[in-house]
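Data first, discussion second: the structure below is written as structure tokens.
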Amino acid sequence: MTLKNKKILLIIGGGISAYKSLDLIRLLKKNEINIKTIITKSGREFVTPLSVTTLTKGRTYEDIFDTKTEAEIDHISLSRWADLIVVLPATANFMTKLSIGKAEDLATTVLLASNKDIALVPAMNVRMWLHKATQKNFKILQDYGYDFIGPEKGEMACGEYGEGKMSSPRQIYSYIKNYFDKKNLMKNKNFKALVTAGPTREYLDPIRYISNESSGKQGYEIAKALDKLGIKTKLISGPSNNVANKNIKVKSVISAKDMMDEVKKSLPVDIAVCTAAVADYRPLIKSKNKLKKSSSNIINLKLEKNSDILEFLSKNNKFRPKIVVGFAAETENIIHNSKIKIKEKYCDLIIANDVSKKNRGFNSDYNKVSIIDKNGKIHSIPKNKKSFIANTIAKKILDKLLVDDKNIN
Ligand code: CTP
Numbered sequence: 022m023t024l025k026n027k028k029i030l031l032i033i034g035g036g037i038s039a040y041k042s043l044d045l046i047r048l049l050k051k052n053e054i055n056i057k058t059i060i061t062k063s064g065r066e067f068v069t070p071l072s073v074t075t076l077t078k079g080r081t082y083e084d085i086f087d088t089k090t091e092a093e094i095d096h097i098s099l100s101r102w103a104d105l106i107v108v109l110p111a112t113a114n115f116m117t118k119l120s121i122g123k124a125e126d127l128a129t130t131v132l133l134a135s136n137k138d139i140a141l142v143p144a145m146n147v148r149m150w151l152h153k154a155t156q157k158n159f160k161i162l163q164d165y166g167y168d169f170i171g172p173e174k175g176e177m178a179c180g181e182y183g184e185g186k187m188s189s190p191r192q193i194y195s196y197i198k199n200y201f202d203k204k205n206l207m208k209n210k211n212f213k214a215l216v217t218a219g220p221t222r223e224y225l226d227p228i229r230y231i232s233n234e235s236s237g238k239q240g241y242e243i244a245k246a247l248d249k250l251g252i253k254t255k256l257i258s259g260p261s262n263n264v265a266n267k268n269i270k271v272k273s274v275i276s277a278k279d280m281m282d283e284v285k286k287s288l289p290v291d292i293a294v295c296t297a298a299v300a301d302y303r304p305l306i307k308s309k310n311k312l313k314k315s316s317s318n319i320i321n322l323k324l325e326k327n328s329d330i331l332e333f334l335s336k337n338n339k340f341r342p343k344i345v346v347g348f349a350a351e352t353e354n355i356i357h358n359s360k361i362k363i364k365e366k367y368c369d370l371i372i373a374n375d376v377s378k379k380n381r382g383f384n385s386d387y388n389k390v391s392i393i394d395k396n397g398k399i400h401s402i403p404k405n406k407k408s409f410i411a412n413t414i415a416k417k418i419l420d421k422l423l424v425d426d427k428n429i430n
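In the working numbering, the protein residues as written are 22 to 430.
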């Protein structure tokens, strides 16, 4: 797909790698991409606005207040104009400002006021990059939805070697090309997804039930992440206090059976993500009235098996979604057990979820998971916010869907 007339707002920060922005501008111009540029005060120490303007043939924005025209630069319209915003180099200091939402100059104000996708291209010394403070900001910014290009490993301007080197203009260009290719594909596809979330309740009588600790948070975040990627998403949720975006169609259910019925009604879909902690069993008999205490110290409760929703989806001959994703809630032998589950349940990806720790997994805002594919390939995501984990999973699903789609067509 051609990138002709796409609009990119390039923010040039202060760092030795800022000079590479000139090569990037050349590359973008060669591909007939429209560019607007902002250069920060420290960026001007490395690259002059005149060289930028010479290449872009347009104005280089510098300050929020323009001394020449005595007017305020419209930080809103600069962001609204762009299809994508790229910041290079994103220094440790710049990342700190963004992570605390500082709006102290034109660049930071535009980014804070932006409603567009933003890619940051970090460049800094390896120690600075690996410093806990920078890594913390990196996580925060990813959670806010910023995307990152690099950094790469290599020899740095300071002579040290390691991670922190800025991606090359070619690599940044490939990212941009890929970004628009994906957007274009998505526009024509109208993908649909269904997500199951939360616990189910299996009632013994009108007021007592069997359930579990699931809060549904991870499922709601996955639905939000899929929606953010432009996928029409339906969320089938067991009892939970979470709130979904207004774009997402939410269907509330109580029992595993209700959840299955609703899933059946929702087919066909392209993607199914089963995050729900569905009760494996339900009481064989649900008493119409409250069960009375028995004189015996021990009572027997007969349970019957619930149907497996994930299995139903992945073995569905008529309406099998193109991608079926399961979660494996495990407290021991996490990877081993998850690998067994992906085979038994015929899904395309399984998210191995360690639910043994109190500060992550069930009922927490945090999670630590591994995404496992059918060939046993593992992508581990260290402990992070469920929203971050959800974005990573959603992107992985979309990439897989687009690759499979390309191979079929
Ligand atoms: N699942 C489902 N329907 C069920 C039970 C489970 O859709 N009746 C799905 C879950 O949503 C999850 C996956 O199956 O995506 C694995 O669930 P999990 O509770 O980890 O495993 P179980 O299959 O219930 O097996 P076990 O409890 O023995 O680990």
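Here a beta-carbon is modelled for each residue, glycine too, at the ideal position from N, C-alpha and C.
Beta carbon proximity, Asn158 to chain D, threshold 9 Å: The structure shown contains no chain D; it holds only a single protein chain.
Rounded to the nearest angstrom, how far is the Cβ of Ala415 from that of Ile393, given a contact under 8 Å? 16 Å between Cβ atoms; not a contact.
Determine the contact status of Leu109 and Lys157, defining contact as a CB-CB distance below 9 Å. In this structure, Lys157 does not lie closer than 9 Å to Leu109 by Cβ.
For Asn337, verify whether its CB is less than 8 Å away from any heavy atom of the ligand CTP. Outside the cutoff, so no.
From the DSSP output, read off the bridge partner residues of Gly347. Gly347 is bridged to Cys295 and Ile371.
Looking at the strands, I want to know which residues DSSP matches up with Ile218. It should be noted that the sequence gives Ala, not Ile, for residue 218. Note: Ala218 sits in a beta bridge opposite Ser258.
Determine which residues share a DSSP beta bridge with Leu31 and list them. Thr58 and Val107, per the DSSP bridge assignment.
Give a single yes or no on whether Gly219 has its beta carbon closer than 8 Å to a heavy atom of the ligand CTP. No, Cβ of Gly219 sits at least 8 Å from all heavy atoms of the ligand CTP.
Beta-carbon within less than 6 Å of Ile402's beta-carbon, same chain only, minus the 5 sequence neighbours each way: which residues are those? Counting only Cβ-Cβ distances below 6 Å, and skipping sequence neighbours, we find Val390, Ile410 and Thr413.
Outcome for Leu141 when other beta-carbon atoms lying within 10 angstroms are tallied against a minimum of 16: Around the C-beta of Leu141, 16 or more other C-beta atoms lie within 10 Å, and the residue is accordingly described as buried.
Whose C-beta lies closer than 8 Å to the C-beta of Val466 among residues of the same chain, with five residues either side of it excluded? An answer regarding residue 466 cannot be provided, because it is not within the stretch 22 to 430 covered by the chain.
Check the C-beta distance from Leu119 over to Asp84 and give it rounded, since I have them as a contact under 8 Å. Not a contact, Cβ separation roughly 19 Å.
Near the ligand CTP: Lys285 beta-carbon under 8 Å from a heavy atom: Short note on Lys285: C-beta not closer than 8 Å to any heavy atom of the ligand CTP.
Is Ala350 near the ligand CTP, in the sense that its beta carbon is under 8 Å from a heavy atom of that ligand? Ala350 Cβ: within cutoff of the ligand CTP.
Would you identify the three-state DSSP class for Val73, choosing helix, strand or coil? In the structure shown, Val73 sits in a helix (DSSP, three-state: H, G or I).
Would the segment 257-272 count as touching the segment 235-245 if we require 3 or more Cβ pairs under 8 Å? As far as the Cβ criterion goes, the segment 257-272 touches the segment 235-245, which means the pair count is three or higher.
Per-residue DSSP class, three states only, for Asp420: Here Asp420 sits in helix by DSSP.
Take Asp248 as the anchor and find which of Lys286, Ile275, Pro220 and Ile292 has the nearest alpha-carbon. Of Lys286, Ile275, Pro220 and Ile292, the residue nearest in Cα terms is Ile292.
Specify the secondary structure class of Ala415 as computed by DSSP and reduced to three states. Reduced to three states, the DSSP call for Ala415 is helix.
Taking C-beta to C-beta, are Lys213 and Lys267 nearer than 9 Å? Cβ distance not < 9 Å, so Lys213 and Lys267 don't count as in contact.
With C-beta atoms as the reference, is Gly166 less than 9 Å away from Asp138? Taking 9 Å as the cut-off, the Cβ atoms of Gly166 and Asp138 count as close.
In terms of residue numbering, what span does the beta strand (DSSP E) encompassing Tyr182 cover? Start and end: Tyr182 to Lys186.
Note the first and the last residue of the continuous beta strand (DSSP E) segment covering Tyr165. Careful: Tyr165 lies outside any beta strand (DSSP E) and carries neither H nor E.
Collapsed DSSP secondary structure at Ile193 in the structure displayed: In the three-state reduction of the DSSP assignment, Ile193 falls in the helix class.
Using only the heavy atoms of the ligand CTP, determine whether one of them is closer than 8 Å to the beta carbon of Glu332. At least one heavy atom of the ligand CTP is nearer than 8 Å to the Cβ of Glu332, so yes.
Is any heavy atom of the ligand CTP found at a distance shorter than 8 Å from the C-beta of Thr81? In this structure, the ligand CTP has no non-hydrogen atom nearer than 8 Å to the beta-carbon of Thr81.
What is the rounded straight-line gap between the Cα of Ala300 and the Cα of Lys272? Whole-angstrom Cα-Cα distance: 18 Å.
Could you have a look at Lys326 and say whether DSSP puts it in helix, strand or coil? Strand, per DSSP.
Secondary structure at Gly64, three-state DSSP: helix, strand or coil? DSSP places Gly64 in helix when its eight states are reduced to three.
Assuming contact is defined by CB atoms lying nearer than 9 Å, are Met149 and Gly180 in contact in what I supplied? No; because the gap between Cβ atoms is not below 9 Å, this pair is not in contact.
For His400, name the three-state secondary structure that DSSP assigns. The DSSP-derived three-state label of His400 is strand.
With distance defined between alpha-carbon atoms, name the residue in Asn338, Thr217 and Phe348 nearest to Ser287. It is Thr217.
Quick one: does the C-beta of Gly180 sit closer than 8 Å to a heavy atom of the ligand CTP? Incorrect: Gly180 has no Cβ contact closer than 8 Å to the ligand CTP.
Heavy atom of the ligand CTP less than 8 Å from the Cβ of Gly237, yes or no? It does not: the Cβ of Gly237 is nowhere closer than 8 Å to a heavy atom of the ligand CTP.
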